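Q: Sequential numbering from 1 applies to the sequence shown in the UniProt record's numbering.
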Amino acid sequence: MIKLSEALMQMEQGETFSCKFVTFNQRRKTGGEIIEIQEARLFRQSASTPEEKKESSGKSKSPNHWANSTRNILILPSEQIRKLHIRLLIEFNGFKVIY
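1. Going by alpha carbons, who is nearest to Phe92 out of Ile37, Pro77, Gln45 and Phe43?
2. Please state if the CB of Ile90 and the CB of Lys83 are separated by a distance shorter than 9 Å.
3. With a threshold of 8 Å on Cβ separation, who are the neighbours of Leu88 within its own chain once the five nearest residues in sequence on each side are excluded?
4. Do you know how far the Cα of Lys29 is from the Cα of Pro77?
5. Could you pull out every unbroken beta strand (DSSP E) segment of at least 3 residues lying fully inside the segment 2–46, listed in chain order?
6. When the distance is taken between beta carbons, is Ile75 closer than 9 Å to Glu33?
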């Protein structure tokens, strides 16, 4: 078993990990599917320069991961980015997640 806080600390280190979590969409009232990811890494968007910020035409919205208890993960090798709700994480690197 691994505590959620320990799993999050390991994610923050930037190394690859495996995880299993339950899906949930509050707006559509769907979910309950268990997703298993064999190889992933915490996704961090690179810091952009002020010039790059001016060039982007759309408004940027902060994901507010802390308040929403979410993290963006990069699924390897497909490089797909997926949002993970940390409260729905059930397994991390083969260990059951406890709270």
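The beta-carbon is built from N, C-alpha and C at its ideal position, and this holds for glycine as well. Predicted model only: the values in this text are computed from it and were never measured.
A: Reading off the structure:
1. Selected option, being the one with the closest Cα: Ile37.
2. Against a cut-off of 9 Å, the Cβ pair of Ile90 and Lys83 comes out as no contact.
3. These residues qualify, in order along the chain: Phe21, Val22, Thr23 and Phe24.
4. Note on geometry: alpha-carbon atoms of Pro77 and Lys29 lie some 30 Å from one another.
5. Those beta strand (DSSP E) runs which fall completely within the segment 2–46 and span 3+ residues are 17–25 and 30–42.
6. No, Cβ-Cβ distance for Glu33 and Ile75 is not below 9 Å.
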